[in-house]
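Chemist:
Numbering (the working numbering), first residue to last: 198 to 466.
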């Protein structure tokens, strides 16, 4: 009787391979098969051993060439062939990653699985910008929401709650709807001049970001041609950017291992 394999639902983090967990790296390097999303960076894919079988199942905004149901079945089929499967997802598999849907199908099929958390985009991007997500006296709470909705379905969010000025709001996949989101937040009481940032491909060599206010950030992100998916941080913590910026005179203090990635940055542009 053929043994049933196992699926590891792995968070690949925001893109920088140094931000992978040790456990994630072990599973990637010991897998017989890697099933990976579009948002898994090439730097991370370069860590996969050359003989490992690769299955790209990436999705783009409004384009899902491989439906989620087929991805679920692929994981089941590979595991039932006895394979050790690494299912790589950008960020964390259980934060806007549909990992729980895949887990449910694996359980239904009698396949064992594990979840290996990853650094979600909000944490990775905030750290890359030297910004906190909470700060005493400025932000006592934190909310993650998705700005992506099904086609032709309006965003249905608790706007009054999200407009709380004492909470940092992080919007995933919000590029297409950011101007609508900003208008709704202002309508429900968030200050129009609330500091805001938009980040694309955070933590990677292709990181791009713009800084502005709730009123301006949508237009700024589009004028800068930031590619999707784009993460938006809204809250007073974004206003700490200058205070927490590492002075240029200290930039060499970290030594040769310090990150010297090029960035495009627009502030209130």
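Even glycine gets a Cβ: it sits at the ideal position worked out from N, Cα and C.
1) DSSP beta-bridge partners for residue 232?
2) If you draw a straight line from the C-alpha of residue 383 to the C-alpha of residue 368, how long is it?
3) What does the Cβ neighbour count give for residue 351, buried or exposed, with the cut at 16 atoms within 10 Å?
4) In angstroms, rounded to a whole number, what distance separates the CA positions of residue 420 and residue 255?
5) Using the Cβ count rule (16 or more neighbours within 10 Å means buried), how would you classify residue 404?
6) Just the C-alpha distance for residue 451 and residue 294, rounded to the nearest angstrom, thanks.
7) Go ahead and label residue 253 buried or exposed: buried means 16 or more other beta carbons lie within 10 angstroms of its beta carbon, across all protein chains shown.
8) Looking at residue 313: is its Cβ nearer than 9 Å to the Cβ of residue 290?
9) Roughly how many angstroms lie between the CA atoms of residue 216 and residue 379, to the nearest whole one?
10) Roughly how many angstroms lie between the CA atoms of residue 389 and residue 426, to the nearest whole one?
11) Under 8 Å: do the stretch 223-231 and the stretch 334-342 share three or more Cβ pairs, one atom per stretch?
12) Ignoring anything shorter than 4 residues or poking outside the stretch 293-335, list the alpha helix (DSSP H) runs there in chain order.
13) Residue 220 lies in the alpha helix (DSSP H); which residues open and close that run?
14) Reducing DSSP to helix, strand and coil, say where residue 192 ends up.
15) Measuring CB atoms only, is the stretch 354-364 touching the stretch 392-401, in the sense that at least three cross pairs come out at less than 8 Å?
16) Cα-Cα, which of 267, 398 and 354 is closest to residue 321?
17) Applying the 10 Å Cβ sphere with the 16-neighbour rule, what's the burial state of residue 193?
18) Looking at residue 339 and residue 438, is the spacing between their C-beta atoms short of 9 Å?
19) Does DSSP classify residue 386 as helix, strand or coil?
20) Where in the stretch 370-421 do unbroken runs of the alpha helix (DSSP H), each at least 4 residues long, occur, reported from the N-terminal end onward?
21) Going by alpha carbons, who is nearest to residue 224 out of 408, 206, 213 and 211?
22) What three-state label does DSSP hand residue 339 in the structure shown?
Modeler: From the atom records:
1) Residue 232 is bridged to 252 and 284.
2) Rounded to whole angstroms, residue 383 to residue 368 spans 15 Å at the Cα level.
3) Looking at its Cβ environment, which holds fewer than 16 other Cβ atoms inside 10 Å, residue 351 is exposed.
4) One alpha carbon belongs to residue 420, the other to residue 255, and they sit about 26 Å apart.
5) Taking a 10 Å sphere around the C-beta of residue 404, we find 16 or more other C-beta atoms and assign the residue as buried.
6) Residue confidence for residue 451 is low, a pLDDT of 48 falling below 50, so the modelled location carries little weight; the figure read from the coordinates is stated next. Each residue's alpha carbon lies about 34 Å from the other.
7) Residue environment analysis places residue 253 among the exposed positions, since fewer than 16 neighbouring C-beta atoms fall within 10 angstroms of its C-beta.
8) The answer is yes: Cβ separation under 9 Å.
9) One C-alpha to the other measures close to 31 Å.
10) C-alpha of residue 389 to C-alpha of residue 426: approximately 24 Å in a straight line.
11) Contact between the stretch 223-231 and the stretch 334-342 is not established, with fewer than three Cβ pairs separated by less than 8 Å.
12) Taken in chain order, the complete alpha helix (DSSP H) segments of 4 residues or longer contained in the stretch 293-335 are 296-305 and 318-325.
13) Taken as a continuous stretch (DSSP letters only), the alpha helix (DSSP H) holding residue 220 covers 219-227.
14) Absent from the model: residue 192. The displayed extent of the chain is 198 to 466, so no value can be given.
15) Flag = no, the stretch 354-364 and the stretch 392-401 do not touch.
16) Minimum Cα distance to residue 321 is reached at 398.
17) The first residue shown for the chain is 198 and the last is 466, placing residue 193 beyond what the model contains.
18) Contact annotation: residue 438 and residue 339 have beta-carbon atoms that are not nearer than 9 Å.
19) The answer is coil: DSSP assigns residue 386 none of H, G, I, E or B.
20) Taking only runs of at least 4 residues, the alpha helix (DSSP H) segments lying wholly in the stretch 370-421 are 375-384 and 414-420.
21) Nearest option by C-alpha distance: 206.
22) In the structure shown, residue 339 sits in a strand (DSSP, three-state: E or B).
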